[in-house]
Each structure stands twice: as C-alpha cells, then as structure tokens.
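Quick note, the sequence shown lines up with residues 6 to 494 if you use this note's numbering. A virtual CB, placed ideally from N, CA and C, is assigned to each residue, including glycine. As the structure is a computational prediction, the values presented were derived from the model and not from experiment. Please read the structure below before turning to the comments.
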Amino acid sequence: MRQLSGWILGPGFLLLTLLLPPPDGLSEAGWRTAGVAGLMAVLWISEAIPLPATALLPLVVFPVLELGTIQQSAAPYSNPIIYLFLAGFILALAMQRWNLHRRIALHLISALGTRPARILAGFLLASALLSMWVSNTATALMMLPIALSVVQLLPADAEASSGTQRFRTALLLAVAYGATSGGMATLIGTPPNAVLAGYMSEVYGFSIGFGAWMLLGVPVTLATLVVVYLVLTRVCFRLDSGEVPGMAALLATEKAKLGPLSRGERIVLIVFVLTALGWIFQRQLALVLPWVSDTTIGIAGALLLFALPVNRRGDFVMNWESTRALPWDVLLLFGGGLSLAGNMERHGLSRYLGDLCQGLGGVPMLLTLAILCFGILMLTELTSNTATAATFLPIVAALALTLGQNPLLFLIPTALAANCSFMMPVGTPPNAIVFGSGQITLPQMARAGLLLNILLVPVILALVLLLGPAVFDLAQDLVPDWARTDVAR
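The structure is reproduced here in structure tokens:
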C-alpha cells in the first residue's frame, strides 16, 4: 500500500506544479522545483522504486523541465564529500578483508570483564568504535555473530532466570545501538553527516573539516553511549551482577582463532591510523600544503592499499574485486540529495519555505529546535535517514535564516537527529539486522528505542549549544557572512 501510494502521490504532486500557477512570492522555476522535491520525497518515503534510482531523477527531470543544464544537475554527484565517503568505504572494506575489525572488537570486549553490565559496555564501545570508520551495517553484521556466541552461553530453557533473558535482549540491542551511536562521531560514520558537509560545501561554500566535526561528534557519541548504557542496564533491562559462565573461555577461543597479527592486518592498521591522523590534523597540514583536503587524504590512503603488497606473489592489501561490496547506492543518494538541494537554493524554493515559517519567530528558539529534531528523528524511524537528511536540510537552513540564526545551528542537530533511529527495525540497518536474529521482539525494541529518542534530543541540543560556539562559531541570533549569499554554489 505504501509503494502504491508513492506511485500516485509522487507524480501527482509534480503534475499539480505543472498545471497550476505558482503561489505569490515563488517563481515558476521554484514552483516546478517544489514539484520535483515533492516527487522525490514521496518516492523516498514510499520506496516505490529503489532509493538510489530516485536519487538519479535530477539528471533527467531538471533538464527536461529547464530547471538546470545536465552539467549543473550532474556536478553535485562528484562533490568532494562523496569521494571522502568512498575513501572511507575502501578503508573499511580493507579492515573487513583482513579481519582487523574483529580483532579490535574482541580485544576491547575482553578488556572490560565478564560481568553482564561490563560485557554490554564492551559491545557498545566496540560497535561504536568500529562504526566511526566502518558502515553501521557492516559493524552490526560483524558484531552480531559475536553477540550470539555469548547468548549461546546462557540457558535457553523455560527455567532460565528473568535476569538471563533481560541480558540476552539488552546485549543484542547494544550491538544495534552502539553501531548507530558511533556513526555520529565522524563525517564518514553515517550518511547524514556527509550529506550535511556536502550541502554546506555545495550551497554556502563552507567546509566542515573532518577534525572539526570530531570535536563535536565524539562528545555527542560518548554522551549517547552513556545514555544508551544507562537505559539498557538501569531502566529497561536491569542486569544481574554475577559473571557470565564460560565468557572468558569463549573470548580466549575466538582470539586464538585469529592467530597472530598478519602482514595484511598490520599494513591496514598503519594506513588507517595515518589516514585518520591526516583527517584530524588536516587544517594544520593545509598551512604547509594548501592543496591538502580531507578528500585528498582519504583517497591517498585508499590508493595506498592497492599499491602495498602483502607477499612476493604479487597480492596486494586491496584488489578491485574486493571493492564490489562498495555501497554505491549510498553515494548516489548523496549526489541526488545535493543536486536537489542546489536547485532548491538556486530557484528560491528554500527561501520561500523559510518565509512560510516566519510565524515561528515568537516561539523560543530552543523549543523550535527540539520540535524540529524530534520530528526528524521520528520520521527516520520509517524512512531512510539519508533521504530524510537530503530532503529536509535545505528547508531547515532556510528556516534558520528566516529566524535570523546561523544555519549550522539548526542543521547540525537535524543531521545528528536523523541518525538516531533506535525504535523501529526499519529505522536503521543495525536495528533490522539485530531484529532479524529472532531474539528480540518489536515491543522490546520499541520500548527502549522510544525512551532513547526522547532522551537524546535534549542531549544533542545541549552539546551543540555548548560546544558549537567553540568548534563552529555558532553564535545565536547572528547570521554569518558566508550564509548571507543568495547564490547556490
């Protein structure tokens, strides 16, 4: 039914903008752009066609409707942020090819102890750490078998204690929630972050540096993990204090299976650390080498993996066959979202939508932000967080400017909130993967997830308001010079 409604509402929305005159204050090009935005939003939400297929619509619809040339429509698909994400994907695939991510996770889990709460903390931290650099989907897929191995140590019969059952559920949720939380720490950790960086670069010419984002994203992730840990262990699933029998032996066995650190793992680890350090200190490097950017650093690290041999037979750390698992669909989503956002700015649709929200000027800014973030968060429980970010970032930026605020003050919480889907299995891939194990019921996930959704909105807003002025110069009630341009770049 949802797909069928998409086929009706999406084209119908576009058709209305072609048949009816534009409203006062909006140009004909802006009105048609609204039709395309409505078409893409409906198709993304309904998934009437695959999400990346919808993302390709600007390449056809914009030239046909004379809303932009093919060069203008296609340029956002090669935004540097897309190649930064591509580099991150290749580094992550190298870690997976040589099993380095599994070694990191096992050592981190074993270091925290064998009591239920400590085991859960280990899985949360391991999932979050990996998800900072590896896609949350790959992180969940890798961590779930380890969690299920722990679950198998627990009694599964009807006489199993309620504490054991609570620990089983909480542990699996920790895998999903840790993978979701960790992505907020870096630009490549989750698509909404990259969409935000690409949008700022495409529309305002403002660069969000990898290291600068981590100054805000890492504290947000750490605070989120604390909230998730307390909700899982103190509120929804109170855990026993005794050690889990056989846990230490299981971890020792799993680590023994990995054997000593291989040459491939060592090379991947070195390249990964050097690339991450390059990202963190990019601004300092650019003072000496002006051509250095986050994207050039990432692509250089990825290329090294194809050039470094692991043996004398001519095998390299990465080969092109290993890149077949690259999520090209995510990269296309970035491009489609940025192309749509650029046209919304170019033809004045974003400003028009922002002007419609002038009535919010009497509402306290903090309340406006809270409502906005919670609305976006709940919407992503049913739709792709990437598509949601791509659709709403231009509108949110226009709203901020209408209220006389720095667009980043609204955009950063929006992008972070778009990532916080904890409630529904369809909200994010880690939720779906863990729910698919058959070990968790929908009410269990929804109960814990709803509470997290409610708690994390004020956490995100508090940290953005606290750290934003130091990291991004986010002064309230002040529009920066870079945001005063009306020309999309």
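* Measure the C-alpha to C-alpha separation of Gly380 and Gly283 and round it to an integer number of angstroms. => Taking C-alpha positions only, Gly380 is separated from Gly283 by approximately 36 Å.
* Asked: Going by Cα to Cα distance, which pick from Val155, Thr169, Asn390 and Arg318 is closest to Leu255?
  -> Nearest neighbour of Leu255 by Cα position, chosen from Val155, Thr169, Asn390 and Arg318, turns out to be Val155.
* To do: Please name the residue or residues paired with Pro314 in a DSSP beta bridge.
  => Looking at the DSSP assignment, Pro314 forms a beta bridge with Phe321.
* Is Leu456 closer than 8 Å to Cys241 when the C-beta atoms are compared? -> Judged by their CB atoms, Cys241 and Leu456 are nearer to each other than the 8 Å cut-off.
* Return yes when the Cβ of Met429 is within less than 8 Å of the Cβ of Ala451, no when it is not. => Taking 8 Å as the cut-off, the beta carbon of Ala451 is found closer than this to the beta carbon of Met429.
* From this set, Ala42, Ile13 and Pro16, which residue's C-alpha is nearest Phe397's C-alpha? -> Nearest option by C-alpha distance: Ala42.
* Asked: Which of the three DSSP states, helix, strand or coil, is assigned to Pro197?
  -> In this structure, Pro197 counts as helix in the three-state DSSP scheme.
* Inter-residue spacing [alpha-carbon to alpha-carbon] between Ala423 and Pro196 -> Roughly 10 Å separates the two Cα atoms.
* So, Leu61 versus Pro16, is the Cβ gap smaller than 8 Å? -> Contact: no.
* To do: State the Cα-Cα distance for the pair Val476 and Trp333, rounded to the nearest angstrom.
  => If I take the Cα positions, the gap works out to 32 Å.
* Cα-Cα separation, Leu421 to Glu386 -> Taking the straight line from one Cα to the other gives about 14 Å.
* To do: Pick helix, strand or coil for Val208, following the three-state DSSP scheme.
  => Three-state DSSP puts Val208 in a helix.
* Asked: In three-state DSSP terms, what is Glu164?
  -> Below a pLDDT of 50, predicted positions are generally treated as unreliable, and Glu164, at 44, falls in that range; the measurement from the model is reported next regardless. Glu164 falls in the coil class under three-state DSSP.
* Residues in its own chain within less than 6 Å of Gly11 by CB, not counting five upstream and five downstream? -> Here the set comprises Val47, Leu48, Ser51 and Ala53.
* Just the C-alpha distance for Pro245 and Ser115, rounded to the nearest angstrom, thanks. => Inspection of the sequence shows that residue 245 is occupied by Asp rather than by Pro. The alpha-carbon atoms of Asp245 and Ser115 are separated by roughly 19 Å.
* Asked: Considering only residues of the stretch 248 to 334, which uninterrupted alpha helix (DSSP H) runs meet the minimum length of 4 residues and lie entirely inside it, listed in chain order?
  -> For the stretch 248 to 334, whole alpha helix (DSSP H) runs of length 4 or above, ordered along the chain, are 252 to 263, 268 to 285, 287 to 293 and 299 to 312.
* Asked: What residue does the alpha helix (DSSP H) around Arg489 start on, and which one ends it?
  -> In this chain, Arg489 is not harboured by any alpha helix (DSSP H), its DSSP state being neither H nor E.
* To do: Would you check if the stretch 214 to 228 and the stretch 435 to 445 touch, i.e. whether three or more CB-CB distances between them fall below 8 Å?
  => Flag = no, the stretch 435 to 445 and the stretch 214 to 228 do not touch.
* Is the stretch 354 to 361 close to the stretch 21 to 39, with three or more CB pairs under 8 Å? -> Look at the beta carbons and you see the stretch 354 to 361 touching the stretch 21 to 39: at least three pairs across the two are nearer than 8 Å.
* Three CB pairs or more closer than 8 Å across the stretch 218 to 226 and the stretch 65 to 80 -> As far as the Cβ criterion goes, the stretch 218 to 226 does not touch the stretch 65 to 80, which means the pair count is below three.
* Asked: What number of angstroms, rounded off, separates the C-alpha of Leu460 from the C-alpha of Gly118?
  -> Cα to Cα, the separation comes out at about 28 Å.
* To do: Helix, strand or coil for Thr185, going by three-state DSSP, please let me know.
  => Residue state, collapsed to three classes: helix.
* To do: Note the first and the last residue of the continuous alpha helix (DSSP H) segment covering Arg243.
  => From DSSP, Arg243 is part of no alpha helix (DSSP H); its letter is neither H nor E.
* **Touching by the beta-carbon criterion (3+ pairs, under 8 Å), the stretch 411 to 419 and the stretch 192 to 208** => Because the criterion of three Cβ pairs below 8 Å is met, the stretch 411 to 419 and the stretch 192 to 208 touch.
* Same chain, Cβ closer than 6 Å to Ile75, five either side skipped, listed in chain order -> The answer, listed in chain order, is Pro68.
* From Arg268 to Leu89, what does the alpha carbon distance come to, in whole angstroms? -> One C-alpha to the other measures close to 26 Å.
* Roughly how far, in whole angstroms, is the beta-carbon of Val3 from the beta-carbon of Val278, given that I think they are within contact range, below 8 Å? -> Any property of residue 3 remains undetermined from this structure, which presents the chain solely from 6 to 494.
* What is the DSSP secondary structure of Ala480, counted as helix, strand or coil? -> Three-state DSSP puts Ala480 in coil, outside helix and strand.
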